[in-house]
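For reference, the structure is listed below as structure tokens.
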Amino acid sequence: MENVLFVASECTPFIKTGGLADVIGSLPQALKEYENMEVRVILPMYDEISEDWRKQMSFQTTFNVPLGWRNQEASLYTLEHNGILYYFISNDYYFTRKGVYGYYDDGERFVFFNQAVMETIYHIDFKPNILHAHDWQAGIAVALAKITQPVEHMKTVFTIHNIKYQGMMTTDVFHDFFNLHPSHLGGMEWKGMLNCMKSALHHADKITTVSPSYAEEIKDPYYSEGLHQILWDRSDDLIGVINGIDTDDYNPMKDPHISVNYKHSRVKKKENKEFLQEKLNLPVDKEIPLYIMITRLVEQKGLYLVERVLDEFLQENVQLAVLGTGDPEFEGYFYHLSERFPDKVAVRLTFDEGLARQMYASADFFLMPSQFEPCGLSQLMALQYKTVPIVRETGGLKDTVFPYNEETGEGNGFSFTNYNAHDLLFVLRYSLSIYYHDTHWDQLLKNVNKSKFSWKDSAHEYAKVYQQLSAVNV
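If you're matching positions, the sequence shown starts at 1 in the UniProt record's numbering and goes up one per residue.
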């Protein structure tokens, strides 16, 4: 029997800031289909978790958590949802705040959470033989699991969702936050800093990341954010597993957010386009090619390339809709772009899940020219709504979007290799030419319709990792 404990900082439907929450919400659901596996999830009890969820939780116990020279109190709550048991660690000082991240003491907050995870194991009737931690906020749990061994022979898996964020602190916090022998500092330190992600990479039995291409990229100094050497050293234990999406939730046949439900119908998709054009105050014309971007407005998403080419591309008979928030520089750019092209560009500087679904359901093309992208979920959602993705060939984008080939009729989207504005402009114009070529457009949409990225295949890969680790008892 595989008892797997997921340790993470966010999870749908309870708390979400990004794609990590979608993974933690969906992957355990897919894994529960395996007869000899039980997966549970442990999370911080943030103030942002709604009262509706809190009312469904059951108080279990209160215990002390050692944090260096002091003790902090933690309360443990449980909630069962869709067949998965969730644990929540409550502490008023660390988690009764607005928002999830962005505080000066985030390092201390998540060290406390990781220490509390270890203490929780002593207070519950579930003894995990696999601890699966996700991103830097859970990285210290991997180190503590190996050092303190709360369960004999427990194995550890660490998943890198985005290597850019590593949870770095000055090394003097080692004595302030941990009751460990100084010899353990070496496994947590990296280039003069205590690094939560490096702590996990050093101690984990297996390291996974969210796409095969990203697993290769992060061994390169360009992508590794300084951690390439340790990843090269751990190459034999590094595995790339592509993320999936919840295809039952992201389903245009029954999505309540969209105006007209459909499966493959282009007629109904164009009806959605007309509803969206009206909603966004764009000229209503179902035949105009509609491009969308649903994204964080940050440099990583390729927005400097977009800035350089949009004025030229918008000379074509196209429309662009943008949804997202982020850096003021990019928010200002898109706001002024919509002012200059009011009949072609609509921008909403917010995040609205319902509007995002309507945009996926209405668009012809989804633009995601990322500088780097560990996996990306948005392109998978676009494919699920029969919208053609345009991406740069990096990370998970390279593993899920394959360029259309006029000779063979293969491919489910458009892509370009070099991080170059001219290459982006070329592929945008090429996508437009295919849109107006009935034979190629028909074939491309057939390929899009066949694209499937459910969690089933991903869960199978993770189950194999767990089973391999469980077979090794030393």
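Every residue, glycine too, gets a C-beta built ideally from N, C-alpha and C.
*Separation of Tyr462 from Leu144, as counted between CA atoms*: 22 angstroms
*Can you tell which of Val117, Arg357 and Phe372 has its C-alpha closest to the C-alpha of Phe366?*
Arg357
*Please state whether DSSP places Cys196 in a helix, a strand or coil.*
helix
*Expressed to the nearest angstrom, what Euclidean distance is found between the alpha-carbon atoms of Gln149 and Lys155?*
10 angstroms
_Entirely enclosed beta strand (DSSP E) segments - the stretch 209 to 248, minimum 3 residues_ = 238 to 240
*Answer with buried or exposed for Ala471, where buried requires no fewer than 16 other C-beta atoms within 10 angstroms of its C-beta.*
exposed
*Cα-Cα separation between Leu432 and Phe334, rounded to whole angstroms*: 22 angstroms
*asked:* What does DSSP give as the partner residue(s) for Lys206 in the beta ladder?
replied: Val157
*Count the other C-beta atoms from every protein chain shown that fall within 10 angstroms of the C-beta of Asp220, then say buried if there are 16 or more, exposed otherwise.*
exposed
*In this structure, does DSSP put Phe341 in helix, strand or coil?*
coil
*Can you have a look at Gly83 and say buried or exposed, based on whether 16 or more other CB atoms are within 10 angstroms of its CB?*
exposed
*So, is Trp136 buried or exposed, given that buried needs 16 or more other C-beta atoms within 10 angstroms?*
buried
*Going by alpha carbons, who is nearest to Tyr466 out of Trp441, Ser9 and Asp237?*
Asp237
_Per DSSP, cross-strand counterpart(s) of Ser415_ = Val391
*Residue interval of the beta strand (DSSP E) (run including Thr350)*: Unbroken run through Thr350: none, as it is neither H nor E.
*Whole-angstrom distance between His460 and Leu280, CA atom to CA atom*: 41 angstroms
*Phe351 burial status per 10 Å Cβ neighbour count (16 or more: buried)*: exposed
*Can you tell me whether DSSP reads Val322 as helix, strand or coil?*
strand
*9 angstroms Cβ cutoff met for Lys301 and Ser370*: yes
*asked:* Output needed for Thr247: all residues of its chain with C-beta closer than 7 angstroms, excluding positions within five of it in sequence on either side, in chain order.
replied: Gln384 and Ser454
*Quick one: residues in its chain with C-beta nearer than 8 angstroms to the C-beta of Leu64, no 5 flanking neighbours on either side, listed in chain order?*
The amino acid at residue 64 is misidentified as Leu; the sequence shows Asn. Closer than 8 angstroms at Cβ, skipping near neighbours: Asn71, Gln72, Glu73, Ala74 and Glu119.
*Tell me which same chain residues have a C-beta within less than 6 angstroms of the C-beta of Gln166, skipping the five on either side of it?*
Trp136, Asn195 and Met197
*Leaving out the 5 sequence neighbours to the left and right, which residues in its chain are closer than 8 angstroms to Lys268 when beta-carbon positions are compared?*
Val260, Asn261 and Tyr262
*asked:* How far does the alpha helix (DSSP H) with Met118 in it extend, from its first residue to its last?
replied: Asp106 to Ile121
_Helix, strand or coil for Trp455? Go by DSSP, reduced to three states._
helix
*Inter-residue CB distance, residue 537 and Val7 (contact presumed, cutoff 8 angstroms)*: In the structure as shown, the chain starts at 1 and stops at 474, and residue 537 therefore has no counterpart that could be examined.
*Between which two residues does the beta strand (DSSP E) harbouring Met1 extend?*
Careful: Met1 lies outside any beta strand (DSSP E) and carries neither H nor E.
*asked:* Could you tell me the alpha carbon to alpha carbon distance between Val474 and Ile207, rounded to whole angstroms?
replied: Low confidence applies to Val474: its pLDDT is 48, below 50, so where it sits in the model is not reliable, and the reading given next is rough at best. Rounded to whole angstroms, Val474 to Ile207 spans 18 angstroms at the Cα level.
_Does the beta-carbon of Thr148, which I'm using as the reference point, lie nearer than 8 angstroms to any heavy atom of the ligand SAH?_
Here there are no bound small molecules, and the ligand SAH is not part of this structure.
*Note the first and the last residue of the continuous alpha helix (DSSP H) segment covering Ser259.*
Per DSSP, Ser259 belongs to no alpha helix (DSSP H) and is neither H nor E.
_Bridge partners for Pro44 per DSSP, in chain order?_
Ile89
_Inter-residue spacing [alpha-carbon to alpha-carbon] between Ser458 and Asn243_ = 6 angstroms
*Contact belief for Glu407 with Thr394 at Cβ below 8 angstroms, rounded distance in angstroms*: Actually they do not touch by this definition, with Cβ atoms about 25 angstroms apart.
*Can you tell me whether Glu410 is buried or exposed, with buried defined as 16 or more other CB within 10 angstroms of its CB?*
exposed
*Glu331 versus Thr78: straight-line alpha-carbon distance, rounded*: 40 angstroms
*asked:* Just to check my reading of the structure: Ile286 and Glu274 have Cβ atoms closer than 8 angstroms, yes? What is that Cβ distance to the nearest angstrom?
replied: One point to set straight first is that residue 286 is Lys, not Ile, in the sequence displayed. Contact flag correct, Cβ pair sits at about 5 angstroms.
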